[in-house]
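Participant:
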DNA sequence: CTAATTGCAAATTGTTTGCAGTTTA
DNA sequence: TAAACTGCAAACAATTTGCAATTAG
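Residue numbers (our numbering), protein chains in the order written: chain A, 1 to 143; chain B, 1001 to 1143.
1) Figure out for me which residue from B:1090, B:1058, B:1005 has the closest Cα to the Cα of residue 1019 of chain B.
2) Touching or not, the region 129–138 of chain A and the region 1017–1033 of chain B, by the rule of three or more beta carbon pairs under 8 Å?
3) If we ignore side chains and look at the alpha-carbon of each, how far apart do residue 114 of chain A and residue 1091 of chain B end up?
4) Counting only runs that start and end within the region 47–94 of chain A, where is the alpha helix (DSSP H) found for 4 or more residues in a row?
5) Against chain A, with Cβ distances strictly below 8 Å, would residue 1121 of chain B count as a contact?
6) Any residues in the region 1078–1101 of chain B with a beta carbon nearer than 8 Å to a beta carbon of chain A? Which ones, in chain order?
7) Could you check where the alpha helix (DSSP H) with residue 39 of chain A kicks off and where it finishes?
8) Roughly how many angstroms separate the alpha carbons of residue 39 of chain A and residue 1077 of chain B, rounded to a whole number?
9) Below 9 Å on C-beta distance, what does residue 1129 of chain B contact in chain A?
10) Taking only beta-carbon positions, decide if residue 142 of chain A is within less than 8 Å of chain B.
11) Could you tell me which chain B residues have their CB closer than 7 Å to the CB of residue 107 of chain A, listed as they occur along the chain?
12) Between residue 33 of chain A and the rest of its own chain, which residues show a CB-CB distance below 6 Å, the 5 nearest in sequence each way excluded?
13) Quick one: give me the first and last residue of the alpha helix (DSSP H) that residue 1006 of chain B is part of.
14) Buried or exposed: residue 1116 of chain B, going by 16 or more other Cβ atoms within 10 Å of its Cβ?
15) Quick one: residues in its chain with C-beta nearer than 7 Å to the C-beta of residue 1097 of chain B, no 5 flanking neighbours on either side, listed in chain order?
16) Alpha carbon to alpha carbon, how far is residue 59 of chain A from residue 36 of chain A? Give it in angstroms, no decimals.
17) May I have the straight-line CA-CA distance separating residue 1071 of chain B from residue 70 of chain A, to the nearest angstrom?
18) Under 8 Å, Cβ to Cβ, is there at least one residue of chain A near residue 1029 of chain B?
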């Protein structure tokens, strides 16, 4: 979808900064972190401030326009949410490329959880590994 | 398992600080963050330094003695790994209590991923929600 | 004895905030 | 024009690091 349309769909004002952020994010299906995003935004809109980027990441996530996943070290990763509905990600640790999967493990165990007296509200499911391309480039082929 | 035995099993030296850290963690099945852990460690071993706690959390995770999960806001959570083998967690957002589940979604899709030319190396699967007790205490019962 | 570990203090990293000026709808 | 948004600079929280002193095996 067009960047401006995305912003309108979220009832957000169209600003050059937001356009830049979404332009960067919409050119790839990979997750990137805020720092990297900031660097790329600067290339197409010099002078943009880091706080603006952070504020907008929060805003865009809260509008459901972006996916955010927390990483082990801290430093969340962001990616534009292209597909509708619930889904999960397969993420290449080499290049960051992602594959969307429809499969959701919750269906398989929701019932069991309720039997345990637990009410699930949300969940996290991500798969990490290497795509063929990145795996070939690694020293240790036996990952 | 006894705290000292755990340390030995990880080929780690037994220090009062490590004992304190493990004593805190072994008294509960909940995930807690580094700050909270530090506070509790201070109670049983005053003077312990924060950097020591951080260093040991890293060490203990790398030895497989602790589980670490990243949170949305940053600030990872830690918990002693009691059960052997592969498992996942159900985590109460109210009290932090956890339930271990044996079910692993990877089995269901590993084959499919390989068909896509993707080699999975690790994955994350956690379920968040509320246990009966915590749910009752909430304003909004319809979570 | 010696390699591992600790405390300390300072540095770093990543992110957030208040506010005044600017821009969008 | 009113509310939303931005840049700036400063604050912040959480974590990490170098190093000298201490301690466990």
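Glycine is no exception: its CB is placed at the ideal position from the N, C-alpha and C atoms.
All figures in this text were calculated on a predicted structure; none of them were measured in a lab.
Facilitator: Quick look at the numbers:
1) Within the second chain, numbered from 1, the residue matching residue 1019 of chain B stands at position 19. The option with the nearest alpha carbon to residue 1019 of chain B is B:1005.
2) Under the three-pair Cβ rule at 8 Å, the region 129–138 of chain A does not count as touching the region 1017–1033 of chain B.
3) Here residue 114 of chain A corresponds to residue number 114 of the first chain, with the count starting at 1. Here residue 1091 of chain B corresponds to residue number 91 of the second chain, with the count starting at 1. Straight-line Cα distance between these residues: approximately 14 Å.
4) 50–62
5) The sequence position of residue 1121 of chain B within the second chain is 121, counting from 1. So, interface residue.
6) Under the 8 Å Cβ criterion, the region 1078–1101 of chain B contributes 1090, 1092, 1093, 1099, 1101.
7) As a first step, residue 39 of chain A must be located in the first chain, where it is residue number 39. Residues 34–44.
8) As a first step, residue 39 of chain A must be located in the first chain, where it is residue number 39. As a first step, residue 1077 of chain B must be located in the second chain, where it is residue number 77. If you take the alpha carbons of residue 39 of chain A and residue 1077 of chain B, they lie about 30 Å apart.
9) As a position in the second chain, residue 1129 of chain B is number 129, starting the count at 1. Those are 113, 118, 119, 120, 121, 122, 123, listed as they occur along chain A.
10) For the purposes of this step, residue 142 of chain A is identified with residue 142 of the first chain, where counting begins at 1. Bear in mind that a pLDDT of 39 at residue 142 of chain A, under 50, signals an unreliable position, so the model cannot answer this.
11) Against the first chain, residue 107 of chain A aligns to sequence position 107. Under the 7 Å cutoff, chain B gives no residues; its nearest Cβ is about 10 Å from residue 107 of chain A.
12) One-based indexing of the first chain puts residue 33 of chain A at position 33. Within the same chain, residue 33 of chain A has close Cβ partners 75, 77.
13) Counting from one through the second chain, the residue named residue 1006 of chain B turns up at place 6. First-last of the alpha helix (DSSP H) with residue 1006 of chain B: 1003–1009.
14) Within the second chain, the letter at position 116 stands for residue 1116 of chain B. The residue is exposed, with fewer than 16 neighbouring Cβ atoms inside 10 Å.
15) Position 97 of the second chain, counted from the first residue, corresponds to residue 1097 of chain B. Once the five neighbours on either side are set aside, the close Cβ partners of residue 1097 of chain B are 1029, 1030, 1131.
16) Start at 1 with the first residue of the first chain, and residue 36 of chain A comes out as number 36. Start at 1 with the first residue of the first chain, and residue 59 of chain A comes out as number 59. One C-alpha to the other measures close to 18 Å.
17) Reading the second chain from its first residue, position 71 is the one you call residue 1071 of chain B. Reading the first chain from its first residue, position 70 is the one you call residue 70 of chain A. Their backbone Cα atoms lie some 6 Å apart in a straight line.
18) Sequence index remark: in the second chain, residue 1029 of chain B carries index 29 (1-based). With 8 Å as the cut-off, residue 1029 of chain B does not count as an interface residue toward chain A.
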